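**Student:** This structure is in structure tokens; I'll ask about it shortly.
Protein chains in written order, with the numbering used here: chain R, 1 to 300; chain V, 1001 to 1333.
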């Protein structure tokens, strides 16, 4: 029981990070029906912009709330800018092109970011600045509740609340929902869909930036290829919850984190990567629209 | 049958020339080009002709490579000229194993469409890799050693080198793959594949069993991917699960798209370009001191998609050189 609770806490903390990254995939998919393969590398750039931002302001070794806020700011700003640029330069010229071409462009952007990352930042791993001092807050029934896990959960929770407010209670959020329902009708009714798409990319990328700081906080080692696996898993989480569905991405992320932590805890850690894809295949075979998604009938 | 045989003979003569004219590095690149040609053509059958987006081609290549390599450790090949027969048999078995894997993967997943299919095939490709990584009998993460490859064979003055055997083996399968897909696409089965690509609902309304057509295309494509894997295994004598990562599947997709979806000659050209380009850019790396090759490569990919979305050839084919020669001859008479 004790073990189970400990795995549960770790799983929720890992899952909330997956959820943050999955949100970026799902929002872009909801609007453009595009799997943004570059998202995982945007996440990587987020970690690096936080790293260089902290260097610039001399925050490498001064853990505290201020460091957390500053790193989050740098990562979110860097990612949002990058996401906006990618959409502008690579995806917008292809808005009317066949889906496959956009998908391949996304793979190309992903490769470009990875390899330019290796050239610019160097291929060797770097140590992420320490953000918060880790210590045990309380110990209940032998289960440790640590500062980092609580911080991850808190930051994720605040971000999700903000996102929820933005999407369901503001004008731009309503425009986003309109564009994702039907882009043509939305633009007929006066929504500037290009601007909304740019905004969605920036927003999703900023959330990936938050995820990168949280991961850097827990596992302080960053390198240009760090996005690949976590990106794929976050993507699986998005599909699991029903891609294009925002609550689904959160649910999927939490389920992914939990099941991964349980497999590592009770079975073997070598199969943790296969697990993600196993879940993916099962869900796609038995419920292709995801847990919360609704399957549409294709009309002629 | 005359044209393929003549092409095979012509290619073999060229191979003998390459054997004496170039060094081992160029020979290795050439073998990789031939392997990638098979990969690209077979993936084109699924992605280009049948219109299904598969991102797991490396997984089937891995199945072919490992089963063929494993077979060669059980039944070692004979010495001398007969070894080529053994390699053909290994390749056939590797291809069959990959085809079975393709059938098992394809049957449940080909009911899905578009992006979802891409994700599922990606997932299966990764799962195959993780399984290989965790199977001690094929070496696991250390990789698989001791795969028998082609060996030199001396006949009097003349030595048939390792390269010559590998080259003959590879070129044979390139031609077989080309002919099979070429003839297939001009048969009733091929028309069914094309109709699935053009409009799946309309094809179904016309009485084509679309799932079965897709599975057939997928199985044949996996078969040739397995063959490519087998050639790779025997020429490099060593296998590692890391060689069959997601990136190799992406490479195959890039070749198909660069050459043009639904153009076999385009796939051949693109395989040659994509394989040779990073090697050709090596001097640049020495000049600048940093590894810019892959940056340029990925940048080219994005620009290609934006500027020439149909690839080099679109869905057209190069005119056959044999037909062209015949026409020339007719004009002279």
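Just so it is clear, CB atoms sit at the ideal spot from N, CA and C, and this is done for glycine as well. The structure presented is a predicted model; accordingly, all values stated were derived computationally and were not measured.
Please state if the CB of residue 1059 of chain V and the CB of residue 1103 of chain V are separated by a distance shorter than 9 Å.
**Tutor:** Counting from 1 along the second chain, the entry for residue 1103 of chain V is found at position 103. Counting from 1 along the second chain, the entry for residue 1059 of chain V is found at position 59. No; because the gap between Cβ atoms is not below 9 Å, this pair is not in contact.
**Student:** Considering only the beta carbon of each residue, do residue 1050 of chain V and residue 1194 of chain V sit closer than 9 Å?
**Tutor:** Taking the second chain and counting its residues from 1, the one referred to as residue 1050 of chain V is at position 50. Taking the second chain and counting its residues from 1, the one referred to as residue 1194 of chain V is at position 194. In this structure, residue 1194 of chain V lies closer than 9 Å to residue 1050 of chain V by Cβ.
**Student:** Taking only the alpha-carbon atoms, compute the straight-line gap between residue 166 of chain R and residue 55 of chain R and give it to the nearest angstrom.
**Tutor:** Within the first chain, residue 166 of chain R is the residue found at index 166, counting from 1. Within the first chain, residue 55 of chain R is the residue found at index 55, counting from 1. Answer to the nearest angstrom: the Cα atoms are 32 Å apart.
**Student:** Which chain R residues sit within Cβ distance under 8 Å of residue 1218 of chain V?
**Tutor:** For the purposes of this step, residue 1218 of chain V is taken as the residue at position 218 of the second chain. Simply none; closest approach about 15 Å.
**Student:** Please report the distance separating the alpha-carbon of residue 1251 of chain V from that of residue 47 of chain R.
**Tutor:** Here residue 1251 of chain V is taken as the residue at index 251 of the second chain, counted from 1. Here residue 47 of chain R is taken as the residue at index 47 of the first chain, counted from 1. Taking the straight line from one Cα to the other gives about 27 Å.
**Student:** Only counting the same chain, and skipping five residues up and downstream in sequence, which positions put a Cβ closer than 7 Å to that of residue 205 of chain R?
**Tutor:** Counted from its first residue, the first chain places residue 205 of chain R at position 205. Cβ within range, chain order: 24, 42, 79, 80, 82, 83.
**Student:** Could I get the ranges of all uninterrupted beta strand (DSSP E) runs contained in the stretch 1262 to 1327 of chain V, with 3 residues as the minimum, in chain order?
**Tutor:** Correct list: empty.
**Student:** Against chain R, does residue 1280 of chain V count as a neighbour if the rule is that its beta carbon must be under 9 Å from one of theirs?
**Tutor:** For the purposes of this step, residue 1280 of chain V is identified with residue 280 of the second chain, where counting begins at 1. No, its Cβ sits nowhere closer than 9 Å to a Cβ of chain R.
**Student:** Out of V/1149, V/1077, V/1066, which has the shortest C-alpha to C-alpha gap to residue 1094 of chain V?
**Tutor:** Position 94 of the second chain holds residue 1094 of chain V. It is V/1066 whose Cα lies nearest to the Cα of residue 1094 of chain V.
**Student:** Taking the alpha-carbon of residue 1292 of chain V as reference, which of R/113, R/95, R/91, R/292 has the nearest alpha-carbon?
**Tutor:** Reading the second chain from its first residue, position 292 is the one you call residue 1292 of chain V. Nearest option by C-alpha distance: R/113.
**Student:** Around the Cβ of residue 1078 of chain V, are there at least 16 other Cβ atoms within 10 angstroms (buried) or fewer (exposed)?
**Tutor:** Residue numbering aside, residue 1078 of chain V sits at position 78 when the second chain is read from its first letter. Residue 1078 of chain V should be labelled exposed.
**Student:** Does DSSP put residue 26 of chain R in a helix, in a strand, or in coil?
**Tutor:** On the first chain, residue 26 of chain R is found 26 positions in, with the first residue counted as 1. DSSP places residue 26 of chain R in helix when its eight states are reduced to three.
**Student:** Straight-line CA distance for residue 1305 of chain V to residue 1312 of chain V?
**Tutor:** Position 305 of the second chain, counted from the start, is the residue given in the question as residue 1305 of chain V. Position 312 of the second chain, counted from the start, is the residue given in the question as residue 1312 of chain V. One C-alpha to the other measures close to 11 Å.
**Student:** Nearest by alpha-carbon distance to residue 1026 of chain V: which of V/1136, V/1057, V/1167 is it?
**Tutor:** Translated into the one-based positions of the second chain, residue 1026 of chain V becomes position 26. Answer by Cα proximity: V/1167.
**Student:** Residue ranges of each alpha helix (DSSP H) run of no fewer than 4 residues wholly in the stretch 203 to 282 of chain R, ordered along the chain?
**Tutor:** Counting whole runs of 4 or more residues, the stretch 203 to 282 of chain R contains the alpha helix (DSSP H) stretches 227 to 241, 246 to 266.
**Student:** Output the boundary residues of the alpha helix (DSSP H) element that contains residue 1196 of chain V.
**Tutor:** Translated into positions along the second chain, residue 1196 of chain V becomes position 196. Here the alpha helix (DSSP H) through residue 1196 of chain V covers 1188 to 1198.
**Student:** Note down the Cα distance separating residue 1132 of chain V from residue 52 of chain R, rounded to an integer number of angstroms.
**Tutor:** Counted from its first residue, the second chain places residue 1132 of chain V at position 132. Counted from its first residue, the first chain places residue 52 of chain R at position 52. Between residue 1132 of chain V and residue 52 of chain R, the C-alpha separation is close to 39 Å.
**Student:** Using the Cα positions of residue 1209 of chain V and residue 1215 of chain V, report the straight-line distance between them to the nearest angstrom.
**Tutor:** Numbered from its first residue, the second chain carries residue 1209 of chain V at position 209. Numbered from its first residue, the second chain carries residue 1215 of chain V at position 215. The alpha-carbon atoms of residue 1209 of chain V and residue 1215 of chain V are separated by roughly 10 Å.
**Student:** At least one CB of chain R closer than 9 Å to the CB of residue 1298 of chain V: is that the case?
**Tutor:** Numbered from its first residue, the second chain carries residue 1298 of chain V at position 298. True, the Cβ-Cβ gap to chain R drops below 9 Å.
**Student:** Along the alpha helix (DSSP H) that carries residue 1162 of chain V, what are the first and last residues, could you check?
**Tutor:** Mapped onto the second chain, residue 1162 of chain V falls at position 162. 1162 to 1184 is the span of the alpha helix (DSSP H), which, as asked, contains residue 1162 of chain V.
**Student:** Between which two residues does the beta strand (DSSP E) harbouring residue 144 of chain R extend?
**Tutor:** Taking the first chain and counting its residues from 1, the one referred to as residue 144 of chain R is at position 144. Segment 143 to 146, the beta strand (DSSP E) holding residue 144 of chain R.
**Student:** Pairs of beta-carbons, one from the stretch 245 to 256 of chain R and one from the stretch 139 to 150 of chain R, closer than 8 Å: are there three or more?
**Tutor:** Flag = no, the stretch 245 to 256 of chain R and the stretch 139 to 150 of chain R do not touch.
**Student:** Does DSSP put residue 1144 of chain V in a helix, a strand or coil?
**Tutor:** Residue 1144 of chain V sits at position 144 when you count from the first residue of the second chain. Residue state, collapsed to three classes: strand.
**Student:** Three-state secondary structure (DSSP) at residue 191 of chain R?
**Tutor:** Residue mapping note: residue 191 of chain R aligns to position 191 of the first chain, counting from 1. Of the three classes helix, strand and coil, the one that applies to residue 191 of chain R here is coil, per DSSP.
**Student:** For residue 200 of chain R, which residues in the same chain have their Cβ closer than 7 Å to its Cβ, ignoring the five residues on either side in sequence?
**Tutor:** Working through the first chain from its first residue, we reach residue 200 of chain R at position 200. Excluding positions up to five away in sequence, the list reads 27, 28, 31, 176.
**Student:** Which residue wins for smallest C-alpha separation from residue 278 of chain R, given the options R/198, R/7, R/244, R/240?
**Tutor:** Sequence index remark: in the first chain, residue 278 of chain R carries index 278 (1-based). Taking only the C-alpha atoms, the option nearest residue 278 of chain R is R/240.
**Student:** Given residue 1016 of chain V, which residues of its chain have a CB within under 8 Å of its CB, disregarding the five upstream and five downstream residues?
**Tutor:** Translated into positions along the second chain, residue 1016 of chain V becomes position 16. 1164, listed in sequence order.
**Student:** Check whether the Cβ atoms of residue 234 of chain R and residue 18 of chain R lie closer than 9 Å to each other.
**Tutor:** Looking up residue 234 of chain R in the first chain gives position 234. Looking up residue 18 of chain R in the first chain gives position 18. Cβ distance < 9 Å, so residue 234 of chain R and residue 18 of chain R count as in contact.
**Student:** Return the bridge partner residues of residue 138 of chain R from the DSSP annotation.
**Tutor:** Indexing the first chain from 1 puts residue 138 of chain R at position 138. Note: residue 138 of chain R sits in a beta bridge opposite R/145.
**Student:** If you reduce the DSSP assignment to three classes, tell me which class residue 1154 of chain V lands in.
**Tutor:** Against the second chain, residue 1154 of chain V aligns to sequence position 154. Note: residue 1154 of chain V maps to strand in three-state DSSP.
**Student:** Applying the criterion that 16 or more other CB atoms from any shown protein chain within 10 Å of the CB defines a buried residue, is residue 185 of chain R buried or exposed?
**Tutor:** For the purposes of this step, residue 185 of chain R is taken as residue 185 along the first chain, with counting starting at 1. Classification of residue 185 of chain R: exposed, given that the 10 Å Cβ count is below 16.
**Student:** Please classify residue 290 of chain R: is it buried, with 16 or more other beta-carbons within 10 angstroms of its beta-carbon, or exposed?
**Tutor:** By 1-based counting over the first chain, the position of residue 290 of chain R is 290. By the neighbour-count rule (16 or more Cβ atoms within 10 Å), residue 290 of chain R is buried.
**Student:** What do you reckon, are the CB atoms on residue 1118 of chain V and residue 103 of chain R nearer than 9 Å?
**Tutor:** Numbered from its first residue, the second chain carries residue 1118 of chain V at position 118. Numbered from its first residue, the first chain carries residue 103 of chain R at position 103. Yes. Within cutoff.
**Student:** Give the C-beta separation of residue 1040 of chain V and residue 1230 of chain V to the nearest angstrom, bearing in mind that I take them to be a contact with Cβ-Cβ under 8 Å.
**Tutor:** Here the question's residue 1040 of chain V lines up with position 40 in the second chain. Here the question's residue 1230 of chain V lines up with position 230 in the second chain. No, residue 1040 of chain V and residue 1230 of chain V are not in contact; Cβ-Cβ is about 17 Å, not under 8 Å.
**Student:** Mind checking the stretch 102 to 118 of chain R against chain V and listing, in chain order, the residues whose C-beta falls within less than 9 Å of any C-beta there?
**Tutor:** Listed by position along the chain: 102, 103, 104, 105, 107, 108, 109, 110, 111, 112, 113, 114, 115, 116, 118.
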